[in-house]
């Protein structure tokens, strides 16, 4: 947390480059040595919960009971006018003006976990999902409550990278990745966690040297 705040501060001052900021922030991250931190556990090619390794996913019957009997806690109105009032989607009339930023930091929330971040001249997306549903097919899976605040065509031509936090379908969306790869090609560098890198060659033709 302190690293993020410190990184934001030094970037917004405009006195330091993006790469210099990363090096400086990492140097101030923690007062613990690496062997004191909880390390990830991998068994049989899968991550194991380091804090509760005995935890098991509920079986299908228990899941169905929970799904049928659980209450809807979203508390979102079914009336579209009321929904627009409570959770409006603010779209800029001229999206290209959103990226005319001076030296510093800019953050645009697109929806759910998707966001656009600009640090000086470095521009990247986090968990880009532009589909109407999150699932294995366009007509299967939960439907998003609100449309994204930006579309892929609204994004700047000089986008540098994509950061994928994990491979859940509401964070790693096949149609969105496919469209982004089609538009930007080798210009993009894709940053993803362990195991997610193998997903790309199977579904999306992304050059291996652009995967980190």
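In mature numbering (1 follows the signal peptide of the UniProt record, and there is no 0), the protein residues as written are -21 to -1, 1 to 191.
Note that beta-carbon positions come from the ideal geometry of N, C-alpha and C, so glycine has one too.
Check your understanding: Measuring CB to CB, does residue 129 end up less than 9 Å from residue 141?
Key -> Stepping through the chain shown from its first residue, residue 129 is reached at position 150. Stepping through the chain shown from its first residue, residue 141 is reached at position 162. In this structure, residue 141 does not lie closer than 9 Å to residue 129 by Cβ.
Exercise for review: Excluding the 5 residues preceding and the 5 following residue 77 in the sequence, name in chain order all residues of the same chain whose CB lies nearer than 6 Å to its CB.
Suggested key: Taking the first residue of the chain shown as position 1, residue 77 is located at position 98. Result list for residue 77: 71, in chain order.
Review point. Pairing CB atoms from the stretch 31 to 49 with CB atoms from the stretch 89 to 103, are three or more of them under 8 Å?
Key: no
**Study point:** Sequence-distant residues of the same chain with beta carbon closer than 6 Å to residue 54, five excluded per side
**Key:** The sequence position of residue 54 within the chain shown is 75, counting from 1. Cβ neighbours of residue 54 beyond the five flanking positions: none.
Check your understanding: Are the CB atoms of residue 154 and residue 109 nearer to each other than 9 Å?
Key -> If you number the chain shown from 1, residue 154 lands on position 175. If you number the chain shown from 1, residue 109 lands on position 130. Cβ atoms of residue 154 and residue 109: closer than 9 Å.
Review point. Which term fits residue 169, buried or exposed, when burial requires 16 or more other beta carbons within 10 angstroms of its beta carbon?
Key: Mapped onto the chain shown, residue 169 falls at position 190. Residue 169 should be labelled buried.
Review point. Could you give the distance in angstroms between the alpha-carbon of residue 106 and the alpha-carbon of residue 150?
Key: Looking up residue 106 in the chain shown gives position 127. Looking up residue 150 in the chain shown gives position 171. When rounded, the distance between both Cα atoms is 5 Å.
Check your understanding: Can you tell me the Cα-Cα spacing of residue 34 and residue 174, whole angstroms?
Key -> Taking the first residue of the chain shown as position 1, residue 34 is located at position 55. Taking the first residue of the chain shown as position 1, residue 174 is located at position 195. Spanning the two alpha carbons is a distance of roughly 21 Å.
Practice item. Mark residue -8 as exposed unless 16 or more other C-beta atoms lie within 10 angstroms of its C-beta, in which case mark it buried. Key: Counted from its first residue, the chain shown places residue -8 at position 14. Caution applies to residue -8, whose pLDDT of 48 falls short of 50 and renders its modelled position unreliable; the value that the coordinates give is listed next. Exposed: under 16 other Cβ atoms inside 10 Å.
Exercise for review: Tell me whether residue 16 is buried or exposed, calling it buried when 16 or more other Cβ atoms sit within 10 Å of its Cβ.
Suggested key: Residue 16 sits at position 37 when you count from the first residue of the chain shown. Per the 10 Å Cβ criterion, exposed.
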